[in-house]
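Residue numbers (the numbering used here): -12 to 167. Just so you know, even glycine gets a beta-carbon here, dropped at the ideal spot from N, CA and C. Since this is a predicted model, take the numbers as computed values, not measurements. Only one structure is covered here, and it is reproduced in the block below.
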Ligand SMILES: *[C@@H]1O[C@H](CO)[C@@H](O)[C@H](O)[C@H]1NC(C)=O
């Protein structure tokens, strides 16, 4: 009695454990992989403005306009466990008030099977690069880095920083472009 049902049941249990084992294998085989790649970042021009800031306690804050290039070959990051990448370019710098400020300037989602050559030329940030004070003018070390979150098919989600970044000194005056 019920042999059909019990067979179906054991077949189901078997397939389930095979699938679990495969998923686990997928996770194990890709989790500890190094997903860092070389990234080339350049800044060609920066201009600062000192503008009214209605959000903060200060009356005027620094706003930066910059022009940058980024290139990287994302192909080595992709393998069978990578569904998509969330890339973002951020600026990091220190000010009197904060030891570390981080501002995201640009981001992009790259799907598996999509274009893996990242080539930005003479690009402008998608998001405003505001400081909450006057920490950009004459800042000697503003560092731009490209990082990415890996969205996997199975397992954890590593956050990876590219192995390339650029550090530049910002202009000493407002309203004129500084070239690099
Ligand atoms: C510039 O800042 C970055 C990180 O924000 C740091 O790693 C680097 O050492 C700094 N460079 C200098 C010359 O201070």
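If you check the C-beta of residue 128 against ligand 1, you find a heavy atom less than 8 Å away.
Residue environment analysis places residue 101 among the exposed positions, since fewer than 16 neighbouring C-beta atoms fall within 10 angstroms of its C-beta. When the alpha-carbon of residue 112 is set against those of 84, 134, 78 and 49, the nearest one is in 78.
Taken through DSSP and simplified to helix, strand or coil, residue 123 comes out as coil.
For residue 31, the shortest C-beta to heavy atom distance toward ligand 1 is 8 Å or greater.
Within the same chain, 13, 17 and 140 come within 8 Å of residue 67 by CB-CB distance, once the 5 residues on both sides are set aside. Short note on residue 4: C-beta not closer than 8 Å to any heavy atom of ligand 1. Closest by C-alpha distance to residue 60, out of 110, 53, 74 and 51, is 74.
Cα atoms of residue 27 and residue 36: separation of roughly 27 Å, rounded to the nearest angstrom. Distances taken from the Cβ of residue 102 to the heavy atoms of ligand 1 include none shorter than 8 Å.
Closer than 8 Å to some heavy atom of ligand 1: that does not describe the Cβ of residue 75. In the structure shown, the three-state DSSP call for residue -10 is helix. Ligand 1 has no heavy atom closer than 8 Å to the beta-carbon of residue 134.
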